[in-house]
Amino acid sequence: MKLLLTALAWLTSNLILLTVTLLGLPLLLAPDAYKPLISEPLHHLTGRHLTLHGPLSLALTPYLELTLRDLELSNPPGFPAAPFARIERLTLQLHPRSLTNRRLEIAHLEIDQLQLRLQRDANGNGNWDDLLPAASDSDSPALPLQIDQLTLHHSTLHWQSAGQPPLHLELHHLQSRDLPHHPQFSATLTLPPLNPRHHFDLPPLRGDHALTHLTAELQISGQLTPDDYQLHLTPLRLELDESRISGQLHLSSSGHSLDLTLDRLHADPYLAPPQPTPTAGIELLPSDWLRSHRLSGQITFETLLIHGTTLQQLRILF
Numbered sequence: 423m424k425l426l427l428t429a430l431a432w433l434t435s436n437l438i439l440l441t442v443t444l445l446g447l448p449l450l451l452a453p454d455a456y457k458p459l460i461s462e463p464l465h466h467l468t469g470r471h472l473t474l475h476g477p478l479s480l481a482l483t484p485y486l487e488l489t490l491r492d493l494e495l496s497n498p499p500g501f502p503a504a505p506f507a508r509i510e511r512l513t514l515q516l517h518p519r520s521l522t523n524r525r526l527e528i529a530h531l532e533i534d535q536l537q538l539r540l541q542r543d544a545n546g547n548g549n550w551d552d553l554l555p556a557a558s559d560s561d562s563p564a565l566p567l568q569i570d571q572l573t574l575h576h577s578t579l580h581w582q583s584a585g586q587p588p589l590h591l592e593l594h595h596l597q598s599r600d601l602p603h604h605p606q607f608s609a610t611l612t613l614p615p616l617n618p619r620h621h622f623d624l625p626p627l628r629g630d631h632a633l634t635h636l637t638a639e640l641q642i643s644g645q646l647t648p649d650d651y652q653l654h655l656t657p658l659r660l661e662l663d664e665s666r667i668s669g670q671l672h673l674s675s676s677g678h679s680l681d682l683t684l685d686r687l688h689a690d691p692y693l694a695p696p697q698p699t700p701t702a703g704i705e706l707l708p709s710d711w712l713r714s715h716r717l718s719g720q721i722t723f724e725t726l727l728i729h730g731t732t733l734q735q736l737r738i739l740f
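Heads up: the sequence shown runs through residues 423 to 740, numbered per our numbering.
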């Protein structure tokens, strides 16, 4: 999420700087004639091409409202020709005082149908590296940019690392407010079906088909402060292989809590392969890990099959 917001802030700030500085009120008369004044300087500064396929419009409401449609930002050299980012519609409401105080104060930034493609090559280079501040620039003054409210609709994050299959995350809606002070946000996400074994370094298990199917639907809300964070995933719905999981997860700087229900789990395929020397017992949950991560809560198994035994309505508290 931090990387997504960094890329959006970079693109938005450059668009606003160029629009406000170079265009001014004449844009109200023939806005499309000014597209090169937005795209060409960005290409000069970054080497990337910003293509504005759709119309550009400006309206005077209580805010100065700029709308861009059908934008594409190219990948850097060495990466595929598919665009780094594509936006169907970008609307920003700019406080009028931004025209005089040299500070970009955005009341509302709204983005519809963002397609963001993050890729890492075989050398570990990301196609976003050139958009992030260099380490040598850490002492340089930050861009005077303030966004009060951010809204994203119907967007997709595509991730692919060299030699691995692509991973997709669908963002149906994201609403964030009070960004300069105490950011609060809510989002609805979908993780399309994937094979975890293709994306994560997992330990060997007894079952060849264990951890080969995962999909998720998440509703996330939370808030951030300099000294605290709260993140709530409720409701949380997962499908893991043949099991359906529902519940809620709460994360905070003071501790975490979990309440999950599994409709059915055949646990044997998820156990570690048999050892030459049998162990004394089976630990269903890693107790040391739970304590070290300050996680408490409960997991309910409506049906649990393990070592030929069927257990009903088993609840584990921790």
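All C-beta atoms, glycine included, are put in the ideal place defined by N, C-alpha and C.
- Collapsing the DSSP output to three states places residue 664 in coil.
- If you look at residue 580, you'll find it in the beta strand (DSSP E) that goes 571-583.
- Contact between residue 627 and residue 689 does not hold, since the beta-carbon distance rounds to 11 Å and is not under 8 Å.
- For residue 645, same chain residues with a beta-carbon under 8 Å away, outside a window of 5 residues either side, are 604, 605, 606, 607, 651, 652 in chain order.
- Our two residues, residue 733 and residue 535, have alpha carbons roughly 46 Å apart in a direct line.
- With a cutoff of 9 Å on beta-carbon distance, residue 684 and residue 719 are scored as not near each other.
- Check the Cα spacing between residue 485 and each of 581, 518, 469: the tightest is with 518.
- Ranking 668, 663, 672 by CA distance to the CA of residue 722 puts 668 first.
- Across the set 503, 509, 470, the C-alpha of 509 shows the shortest separation from the C-alpha of residue 476.
- When C-beta atoms of the region 596-603 are compared with those of the region 616-627, fewer than three pairs fall below 8 Å, so the two segments do not count as touching.
- In the three-state scheme derived from DSSP, where H, G and I count as helix and E and B as strand, residue 679 is classed as strand.
- At a cut-off of 4 residues, the continuous stretches assigned as alpha helix (DSSP H) that sit fully inside the region 577-660 are 618-621.
- With distances taken between CA atoms, residue 725 lies nearest to 686 out of 686, 609, 631.
- In this structure, residue 610 keeps its C-beta atom at 9 Å or more from the C-beta atom of residue 571.
- Nearest Cα to residue 550 within the set 583, 663, 530, 612: 583.
- Per DSSP, residue 465 is not a residue of any beta strand (DSSP E); the alpha helix (DSSP H) it occupies stretches across 457-468.
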